[in-house]
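So the protein lines, in turn, are chains A and B.
Going by this note's numbering, the letters in the first sequence line up with residues 7 to 148, in that order.
Going by this note's numbering, the letters in the second sequence line up with residues 7 to 148, in that order.
2 protein chains.
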Amino acid sequence: MKARSHQQDEQHLTEQLGATGLRLTPQRQQVYDVLLHKRDHPTAEEVFIRAKKTMPEISHATVYNCLDALVKSGLARQVTLDRGATRFCPNMHEHGHFHCDTCGTVFDVDLPAQTMPLPKGFQAEHFDIAIHGTCPDCASRK
Amino acid sequence: MKARSHQQDEQHLTEQLGATGLRLTPQRQQVYDVLLHKRDHPTAEEVFIRAKKTMPEISHATVYNCLDALVKSGLARQVTLDRGATRFCPNMHEHGHFHCDTCGTVFDVDLPAQTMPLPKGFQAEHFDIAIHGTCPDCASRK
DNA sequence: GTCAAGATTTAGAACAATTCTAAATTACAA
DNA sequence: TTGTAATTTAGAATTGTTCTAAATCTTGAC
């Protein structure tokens, strides 16, 4: 995976947001930076806390707004596991999520290239795969 | 899919709950009946409303308790899509969920028989596949 | 059968996650 | 500029879920 420069990130952001009719604002930039900086699938609340460190005036509602904007523009994905808060992930490559039921960590996992056969007439937009189990660390610790 | 008789359902319930150290109670039976009766992936709230029709004294907390008991005993699955309420599904065959982004309906879809290859050390318990898109009805209506 | 121990249910409060509201600010385009 | 629309903000409101303590029900030991 090639790392993008900060400037490239910004251009990418502007383009992707623009294509969805949205503007690049300092808040959206900041929220996206937070996602890129630590890719541990944070919840909206966690993004809020991290974003506040460098932008103390940012509000809760804005974080939700920004996250929605990023998702709509194809810059981030929502990850919903169980009944808890939704998590966010800036990795847009096709991948699934492995959730360790012991320690709670969420891992990105590559998926076998394949198409999902659907009954006639169904048009798939995208799909999410969530795998529950035990991660290597927790498995060996048992 | 073979339909089970009511009596068989009850026996199945007792066995599965018992194996998890749980009792079969009228409430759990009722909640399970609700799930079996209309397999449209209702939320806990919807299950609550439906269960009340024949058991008016049932409480909110009990519905959550019963649904958890059913999930723990392998009699139902939780379905989490997006940020909304969790849905419940009594279909325990391996299948995925297709969510129509237009009308909101959730469909069970069969999956190709296959194993999910995981990096070394990861132990999968089970996995959930959620597909987003447009259902045949909504697609033709466009 | 009777009783104690533990499981379950209940109403309602509490909590957590998300959305809404209305006012203030900002950006863009004419 | 100047008007229009988008965005942000604080805080209230809403929604979904969990917790609590008391009441009720089951079950197994006697």
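Glycine included, every Cβ here is placed at the ideal spot set by N, Cα and C.
Every value quoted in this text rests on a predicted model; they were computed, and no experiment measured them.
Are the beta-carbon atoms belonging to Ser79 of chain B and Gln13 of chain B less than 8 Å from one another?
no
Give every residue of the same chain whose Cβ lies closer than 8 Å to the Cβ of Pro32 of chain B, excluding the five residues on either side of it in the sequence, and list them in chain order.
Within the same chain, and ignoring the five residues on either side of Pro32 of chain B in sequence, the residues whose Cβ sits closer than 8 Å to its Cβ are Met61.
So is Gly110 of chain B in contact with chain A if we call contact Cβ pairs under 8 Å?
no
Own chain residues within Cβ distance below 7 Å of Tyr70 of chain B, not counting five before or after:
Ala50
Confirm, please, whether the CB-CB distance from Thr111 of chain A to Thr140 of chain A is below 8 Å.
no
Beta-carbon within less than 6 Å of Asp143 of chain B's beta-carbon, same chain only, minus the 5 sequence neighbours each way: which residues are those?
none
Let me know if Gln36 of chain B comes out buried or exposed under the rule of 16 or more other beta-carbons within 10 Å of its beta-carbon.
buried
At the 8 Å Cβ level, is Phe54 of chain B part of the contact set with chain A, yes or no?
no
Do the segment 112-121 of chain B and the segment 88-103 of chain B meet, that is, are 3 or more Cβ pairs less than 8 Å apart?
yes
Beta-bridge partners of Asp114 of chain A, as assigned by DSSP:
A:His103
Given Leu28 of chain B, which residues of its chain have a CB within under 6 Å of its CB, disregarding the five upstream and five downstream residues?
Ala75
With distances taken Cα to Cα, identify the nearest neighbour of Gly90 of chain A among A:His47, A:Ala57 and A:Glu63.
Taking only the C-alpha atoms, the option nearest Gly90 of chain A is A:His47.
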